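K.L.:
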Amino acid sequence: MDWAGWALFGLVATAVLTAVLITAQLAGLTRLDFPLVLGTLVTEDPDRARVVGFFMHLCAGQGFALGYAATFALLHRATWWIGALLGTIHVGVALTLLLPLLPGVHPRMASQRAGPASRAVLEPPGLFAVNYGIQTPAVVAVVHVLYGVVLGLLLQAK
Amino acid sequence: MTGGYDTTCPRPPAAISDYGLLGDTRTAALVAGDGGIDWLCVPRFDGEPLFGRLIGGPDAGTFRVGPARPATVVERRYRQYTATLETTWAVGSSRLTLTEGMVAEVTGRLLPTTLIVRRLSTDEAAVDAVVEFDPRFGVRHRRPRIHQRREALVCQWGSLAVSLGSAPTLDIEPGRPTLITVRPGRPVTLVLAVAHREPLIHVEPASAWQLLTEDEDRWRAWTVDIDRSLPFREHVVRSLLTLRLLTYSPSRAPVAAPTTSLPEDAGGVRNWDYRYVWPRDASIGVSAFLSVGKADEARGFLAWLLHASRLQRPRLPALLTLYGRHVPAEREVPGWPGYLGSVPVRIGNSAAGQHQLDGYGWVTDAAWAFAQAGHRLSSETWRAVRGFADVVTRCWQEPDAGIWEVREPAQHVHSKLMGWLALDRALRIADTHPLADRQRRRWQKARDAIAAEVRTSGFNPTTGSYVRRYGSEGLDAALLVLPLLNIDSVDSPRVHGTIDAIRDTLSAGGPLLYRYPPGRDGFPGTEGAFLPCSFWLVQALARTGRRTEAVELFQTMLDHASPLGLYAEELDPATGAHLGNYPQTLTHAALVQAALAIRDAPTS
Numbered sequence: 003m004d005w006a007g008w009a010l011f012g013l014v015a016t017a018v019l020t021a022v023l024i025t026a027q028l029a030g031l032t033r034l035d036f037p038l039v040l041g042t043l044v045t046e047d048p049d050r051a052r053v054v055g056f057f058m059h060l061c062a063g064q065g066f067a068l069g070y071a072a073t074f075a076l077l078h079r080a081t082w083w084i085g086a087l088l089g090t091i092h093v094g095v096a097l098t099l100l101l102p103l104l105p106g107v108h109p110r111m112a113s114q115r116a117g118p119a120s121r122a123v124l125e126p127p128g129l130f131a132v133n134y135g136i137q138t139p140a141v142v143a144v145v146h147v148l149y150g151v152v153l154g155l156l157l158q159a160k
Numbered sequence: 012m013t014g015g016y017d018t019t020c021p022r023p024p025a026a027i028s029d030y031g032l033l034g035d036t037r038t039a040a041l042v043a044g045d046g047g048i049d050w051l052c053v054p055r056f057d058g059e060p061l062f063g064r065l066i067g068g069p070d071a072g073t074f075r076v077g078p079a080r081p082a083t084v085v086e087r088r089y090r091q092y093t094a095t096l097e098t099t100w101a102v103g104s105s106r107l108t109l110t111e112g113m114v115a116e117v118t119g120r121l122l123p124t125t126l127i128v129r130r131l132s133t134d135e136a137a138v139d140a141v142v143e144f145d146p147r148f149g150v151r152h153r154r155p156r157i158h159q160r161r162e163a164l165v166c167q168w169g170s171l172a173v174s175l176g177s178a179p180t181l182d183i184e185p186g187r188p189t190l191i192t193v194r195p196g197r198p199v200t201l202v203l204a205v206a207h208r209e210p211l212i213h214v215e216p217a218s219a220w221q222l223l224t225e226d227e228d229r230w231r232a233w234t235v236d237i238d239r240s241l242p243f244r245e246h247v248v249r250s251l252l253t254l255r256l257l258t259y260s261p262s263r264a265p266v267a268a269p270t271t272s273l274p275e276d277a278g279g280v281r282n283w284d285y286r287y288v289w290p291r292d293a294s295i296g297v298s299a300f301l302s303v304g305k306a307d308e309a310r311g312f313l314a315w316l317l318h319a320s321r322l323q324r325p326r327l328p329a330l331l332t333l334y335g336r337h338v339p340a341e342r343e344v345p346g347w348p349g350y351l352g353s354v355p356v357r358i359g360n361s362a363a364g365q366h367q368l369d370g371y372g373w374v375t376d377a378a379w380a381f382a383q384a385g386h387r388l389s390s391e392t393w394r395a396v397r398g399f400a401d402v403v404t405r406c407w408q409e410p411d412a413g414i415w416e417v418r419e420p421a422q423h424v425h426s427k428l429m430g431w432l433a434l435d436r437a438l439r440i441a442d443t444h445p446l447a448d449r450q451r452r453r454w455q456k457a458r459d460a461i462a463a464e465v466r467t468s469g470f471n472p473t474t475g476s477y478v479r480r481y482g483s484e485g486l487d488a489a490l491l492v493l494p495l496l497n498i499d500s501v502d503s504p505r506v507h508g509t510i511d512a513i514r515d516t517l518s519a520g521g522p523l524l525y526r527y528p529p530g531r532d533g534f535p536g537t538e539g540a541f542l543p544c545s546f547w548l549v550q551a552l553a554r555t556g557r558r559t560e561a562v563e564l565f566q567t568m569l570d571h572a573s574p575l576g577l578y579a580e581e582l583d584p585a586t587g588a589h590l591g592n593y594p595q596t597l598t599h600a601a602l603v604q605a606a607l608a609i610r611d612a613p614t615s
């Protein structure tokens with residue numbers, strides 16, 4: 003497996019994903035903010051949460067990149083379109099499984115069942131994360147496919 | 012069985028003020044004095060109606076539990092400091108009591124998201140009662156597929172399912188009244204559970220009753236730490252409870268009202284969908300909750316404001332959905348007869364696309380109130396406030412729809428004043444938060460320009476009062492917020508002149524005020540007195556040293572509440588009937604603020 007490529011390009015791909023997501027946020031396409039969502043797992047201060055969450059997001063990105071690198075090694079091929087395909091699977095899992103399940107484990111994220119005693123500050127993302135804006139599924143799909151394309155282009159299938 | 016119960020006799024529509032509110036902070040039901048739940052949207056405030064008789068007529072479904080024959084309500088009240096409603100009827104020589112509520116706290120337990128518990132009881136002789144369960148889902152009043160299971164009756168519409176359980180077990184059939192006998196010491200408990208895109212969860216009636224009791228304890232605990240020095244505390248607490256019940260807990264968004272198309276003009280066309288969130292309401296809520304010691308609720312409203320407005324920032328939308336999305340386009344619902352024949356019934360709200368300058372003032376003032384109470388504004392909050400102030404700096408000269416959402420934009424004086432407020436409060440926050448000098452100078456210049464223009468173009472020296480629009484002579488009751496702004500000193504003749512002119516000219520009798528001269532908004536028909544304006548008048552009087560008058564007026568306004576202490580948006584000055592969507596967040600928030608102004612006013 004391309005360990006050196008994984009160590010470097012996992013970070014590159016996650017940085018690209020984060021940059022495009024922030025751009026989409028600034029353009030008013032989505033309210034999804036991965037660093038904030040992850041950072042508020044450990045602190046409720048949004049400013050600190052974004053910093054902590056950014057590093058958590060980089061770590062998570064490295065973890066997923068490991069899966070991509072392993073898949074390329076198994077297939078003996080690393081191309082942009084295989085990366086894009088893996089990105090599509092990745093985003094499918096994220097939107098239908100990871101984000102909707104998050105309120106169950108996130109201490110500061112409300113669920114659809116939240117009541118008056120709830121002190122959670124983050125809204126639940128809902129199915130396909132549409133609660134964060136109707137275009138959120140499209141934005142999340144684009145950034146993850148991009149993440150896969152970057153890894154497909156930069157990683158080697160060894 | 013239906014023996015003894017006249018199924019052909021239609022229930023006459025109840026007065027709006029006859030309805031009580033049941034809520035779980037995710038959705039709400041309206042219950043008439045005869046025990047009929049005539050309005051309930053699921054799974055959220057802005058969902059589709061499961062019981063819609065209030066506006067959709069008999070075909071839209073109801074869930075009535077009450078005496079089998081017409082009976083007089085002898086007592087109707089919320090159990091003190093709770094959201095549990097108790098209605099007692101005199102039936103012959105006996106009494107029948109319906110105790111009901113929605114279970115709000117379901118987190119962390121295997122419970123349905125929506126759970127309504129209703130219990131009929133009598134302490135004297137046996138009483139005949141009726142259960143009329145007729146759920147119809149959606150705007151087309153769809154009938155359910157029905158399954159009679161061992162533990163409950165189950166009604167299904169695709170991804171939505173509803174179960175009705177009872178103890179003792181009753182043979183209930185949807186759409187057919189069921190006659191029962193309630194005996195002393197043997198109450199009848201009914202449990203309605205709603206499942207949307209999830210499996211139904213059956214709750215035993217005895218357990219459901221226990222859950223409701225636990226909820227009551229939680230509401231009582233919630234009210235314990237509300238400032239004990241508040242004047243009219245019982246009424247203020249009821250309003251705060253109502254505000255909390257109308258706040259959607261998953262996102263902390265305060266819905267303007269749980270209903271659509273309750274008319275501002277009975278039989279007329281002024282029927283709007285209020286099941287959305289106005290940033291203005293949330294902002295007033297921030298100050299109201301902060302001032303009574305409920306910082307968590309205030310923080311929740313502010314967090315929602317910032318999160319929800321994120322997509323369109325720095326522009327502040329006039330209204331948003333519970334999750335901060337675009338409000339659906341306004342459309343008319345064909346075939347719905349409307350409340351008292353008030354058609355069209357509308358879903359969605361076209362005011363969402365309007366430019367309303369005043370919104371920036373309310374929101375920035377809320378952020379200022381939050382900071383002033385000793386809470387730190389996060390950098391994102393401050394960035395958002397700066398963005399709002401920049402928008403005001405750029406756009407304050409443009410005409411807008413104003414607080415009353417008129418469809419022809421104009422140079423509204425109230426909007427300009429609120430634009431001034433946005434810049435003034437942003438500058439005050441900037442005293443303790445970082446701000447570029449250039450930006451500060453731009454804000455100061457715009458703020459001073461607004462003040463100068465409003466004093467020349469928005470003030471009528473003949474009447475000594477600010478006016479509704481530049482160049483007009485009409486008044487606007489929204490200008491009663493003037494003493495809160497400090498653009499003019501509270502002792503200024505301009506402030507006193509405006510308050511007195513509004514009181515004289517827009518009076519609808521007693522404490523009631525029209526929001527602007529009636530019939531001048533381009534819509535056919537008339538409307539009632541606008542209740543928040545009366546509370547703003549109380550507030551203005553208290554702030555300008557006229558506490559005694561304020562107290563008298565407030566007391567009179569309390570007499571206009573529904574028997575359960577609830578308020579709609581408007582009141583018919585001739586009949587005293589409540590008009591418009593109900594109960595209304597803005598009216599209850601204004602009531603709380605008026606009481607706070609009385610509390611803070613010097614007594615001498």
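Going line by line, the protein sequences match chains A and B.
Position in the first sequence (from 1) plus 2 gives the number in the numbering used here.
Position in the second sequence (from 1) plus 11 gives the number in the numbering used here.
All residues carry an ideal CB built from backbone N, CA and C; glycine is no exception.
Given the structure is predicted, the values throughout are model-derived calculations rather than measurements.
Taking only runs of the alpha helix (DSSP H) that begin and end inside the region 416-463 of chain B, which ones reach a length of at least 4 residues, in chain order?
P.N.:
424-441
K.L.:
List the residues that DSSP assigns as beta-bridge partners of B:V84.
P.N.:
Sequence index remark: in the second sequence, residue 84 of chain B carries index 73 (1-based). Per DSSP, B:W100.
K.L.:
How many whole angstroms separate the CB atoms of B:L327 and B:F399, which I take to be in contact at a CB cut-off of 8 Å?
P.N.:
Within the second sequence, numbered from 1, the residue matching residue 327 of chain B stands at position 316. Within the second sequence, numbered from 1, the residue matching residue 399 of chain B stands at position 388. Yes, they are in contact, since the Cβ atoms of B:L327 and B:F399 sit about 6 Å apart, within 8 Å.
K.L.:
Mapping DSSP to helix, strand and coil, what is A:M111?
P.N.:
As a working mapping, residue 111 of chain A is identified with position 109 in the first sequence. It is a strand residue.
K.L.:
Does any C-beta atom of chain A lie closer than 9 Å to the C-beta of B:D307?
P.N.:
Indexing the second sequence from 1 puts residue 307 of chain B at position 296. Closer than 9 Å: yes.
K.L.:
Anything in chain B within Cβ reach of A:I24, meaning under 7 Å, just list it in chain order.
P.N.:
Walking along the first sequence from the start, residue 24 of chain A turns up at place 22. Within 7 Å Cβ-Cβ: nothing; A:I24 doesn't reach chain B, min ~12 Å.
K.L.:
Which residues, taken in chain order from the region 71-94 of chain A, show a beta carbon closer than 8 Å to some beta carbon of chain B?
P.N.:
none
K.L.:
Answer with yes or no whether the minimum CB distance from B:A338 to chain A is below 9 Å.
P.N.:
Your numbering for residue 338 of chain B matches position 327 in the second sequence. The sequence as given places Val at residue 338 of chain B; Ala does not occur at that position. No, no contact with chain A.
K.L.:
Nearest-angstrom Cα distance between B:S302 and B:H246?
P.N.:
As a first step, residue 302 of chain B is located in the second sequence; it is residue number 291 there, counting from the start. As a first step, residue 246 of chain B is located in the second sequence; it is residue number 235 there, counting from the start. So the alpha carbons of these two residues sit roughly 16 Å apart.
K.L.:
Return the chain-ordered list of same chain residues with a C-beta closer than 6 Å to the C-beta of B:M12, the five sequence neighbours on each side being excluded.
P.N.:
Here residue 12 of chain B refers to the residue found at position 1 of the second sequence. With a pLDDT of 42 at B:M12, under the threshold of 50, the modelled position of this residue cannot be trusted; read the value that follows with caution. Here the set comprises L190.
K.L.:
Between the region 285-294 of chain B and the region 329-347 of chain B, do three or more beta carbon pairs fall short of 8 Å?
P.N.:
yes
K.L.:
Count the other C-beta atoms from every protein chain shown that fall within 10 angstroms of the C-beta of B:C52, then say buried if there are 16 or more, exposed otherwise.
P.N.:
Mapped onto the second sequence, residue 52 of chain B falls at position 41. Residue environment analysis places B:C52 among the buried positions, since at least 16 neighbouring C-beta atoms fall within 10 angstroms of its C-beta.
K.L.:
Between the region 362-374 of chain B and the region 94-102 of chain B, do at least 3 Cβ pairs fall closer than 8 Å?
P.N.:
no
K.L.:
Please list, in chain order, the chain B residues whose beta carbon lies closer than 7 Å to that of A:R110.
P.N.:
Reading the first sequence from its first residue, position 108 is the one you call residue 110 of chain A. Going along chain B, no residue has its Cβ under 7 Å from A:R110, so there is no contact; the nearest lies around 11 Å.
K.L.:
Give the residues from the region 258-285 of chain B that approach chain A closer than 7 Å (Cβ to any Cβ), ordered along the chain.
P.N.:
S260, P261 and S262
K.L.:
Candidates B:P23, B:V128, B:R154 and B:Y89: which alpha carbon is nearest B:D70's?
P.N.:
Within the second sequence, the letter at position 59 stands for residue 70 of chain B. Selected option, being the one with the closest Cα: B:R154.
K.L.:
Flag A:T32 as yes if its beta-carbon sits less than 9 Å from any beta-carbon of chain B, otherwise no.
P.N.:
Numbered from 1 along the first sequence, position 30 holds the residue referred to as residue 32 of chain A. Closer than 9 Å: yes.
K.L.:
Opposite B:N471 in the DSSP bridges: which residues?
P.N.:
Walking along the second sequence from the start, residue 471 of chain B turns up at place 460. Partner(s): B:S476.
K.L.:
Sorted by chain position, which residues of the same chain lie with C-beta nearer than 6 Å to B:D238's C-beta, five sequence neighbours on each side aside?
P.N.:
One-based indexing of the second sequence puts residue 238 of chain B at position 227. Within the same chain, B:D238 has close Cβ partners V303 and G304.
K.L.:
Would you say B:S389 lies against chain C (beta-carbon separation less than 9 Å)?
P.N.:
Absent from the structure: chain C. Protein chains present are A and B.
K.L.:
Should B:L446 be flagged as near chain A, meaning a C-beta pair shorter than 9 Å?
P.N.:
Working through the second sequence from its first residue, we reach residue 446 of chain B at position 435. Not an interface residue.
K.L.:
Taking one C-beta from the region 153-173 of chain B and one from the region 74-86 of chain B each time, how about it: are there three or more such pairs within less than 8 Å?
P.N.:
no
K.L.:
On the three-state DSSP scale, how would you describe B:L388?
P.N.:
In the second sequence, counting from the first residue as 1, residue 388 of chain B sits at position 377. DSSP places B:L388 in coil when its eight states are reduced to three.
K.L.:
What would DSSP say about B:L107, mapped onto helix, strand or coil?
P.N.:
The residue you call residue 107 of chain B lines up with position 96 of the second sequence. B:L107: strand per DSSP, three-state reduction.
K.L.:
Determine whether the Cβ of B:P290 lies closer than 9 Å to any Cβ atom of chain A.
P.N.:
The count along the second sequence starts at 1 and reaches residue 290 of chain B at position 279. Not closer than 9 Å to any Cβ of chain A, the Cβ of B:P290 fails to qualify, so no.
K.L.:
Should B:G15 be labelled buried (16 or more other beta-carbon atoms within 10 Å of its own) or exposed?
P.N.:
The residue given as residue 15 of chain B occupies position 4 in the second sequence. Unreliable positioning characterises B:G15 in this predicted model, as indicated by a pLDDT of 49, which lies under 50. A coordinate reading is not provided.
K.L.:
Quick check on B:R156: buried or exposed, where buried means 16 or more other Cβ atoms within 10 Å of its Cβ?
P.N.:
Here residue 156 of chain B corresponds to residue number 145 of the second sequence, with the count starting at 1. It counts as exposed.
K.L.:
Run through DSSP, which three-state label would B:A40 get?
P.N.:
Sequence index remark: in the second sequence, residue 40 of chain B carries index 29 (1-based). In this structure, B:A40 counts as strand in the three-state DSSP scheme.
K.L.:
Just the Cα atoms here: how many angstroms apart are A:L13 and A:P37?
P.N.:
Indexing the first sequence from 1 puts residue 13 of chain A at position 11. Indexing the first sequence from 1 puts residue 37 of chain A at position 35. Whole-angstrom Cα-Cα distance: 15 Å.
K.L.:
Relative to the C-alpha of B:T200, which candidate in B:W407, B:I212 and B:G176 has its C-alpha closest?
P.N.:
Looking up residue 200 of chain B in the second sequence gives position 189. Checked all of B:W407, B:I212 and B:G176; the closest Cα to B:T200 is B:G176.
K.L.:
Given a limit of 9 Å on CB to CB distance, which residues of the region 117-147 of chain A reach chain B?
P.N.:
G117, P118, A119, S120, R121, A122, V123, L124, E125, P126, G128, L129, V132, N133, Y134, G135, I136 and Q137
K.L.:
For B:E484, is the classification buried or exposed, using 16 other Cβ atoms within 10 angstroms of its Cβ as the cut-off for buried?
P.N.:
Counting from 1 along the second sequence, the entry for residue 484 of chain B is found at position 473. Its Cβ having fewer than 16 others within 10 Å, B:E484 is exposed.
K.L.:
Closer than 8 Å is the cut-off here; do at least three beta carbon pairs connect the region 307-320 of chain B with the region 599-613 of chain B?
P.N.:
The count of Cβ pairs closer than 8 Å, one atom from the region 307-320 of chain B and one from the region 599-613 of chain B, stays below three, leaving the stretches out of contact.
K.L.:
Suppose contacts are defined by Cβ-Cβ distances below 9 Å. Is B:S298 in contact with A:P118 by that definition?
P.N.:
Sequence index remark: in the second sequence, residue 298 of chain B carries index 287 (1-based). Sequence index remark: in the first sequence, residue 118 of chain A carries index 116 (1-based). Their beta carbons are not under 9 Å apart, which means B:S298 does not touch A:P118 by this criterion.
K.L.:
Starting from the C-beta of A:Y134, find all residues in its chain whose C-beta is less than 7 Å away, skip the five residues before and the five after it, and write them out in chain order.
P.N.:
Stepping through the first sequence from its first residue, residue 134 of chain A is reached at position 132. Contacts found: T32, R33, L34 and P127.
K.L.:
Given a cut-off of 9 Å, decide if B:G591 and B:G539 are closer than it, judged by their beta-carbon atoms.
P.N.:
Along the second sequence, read from residue 1 onward, the residue named residue 539 of chain B stands at position 528. Along the second sequence, read from residue 1 onward, the residue named residue 591 of chain B stands at position 580. Yes. Within cutoff.
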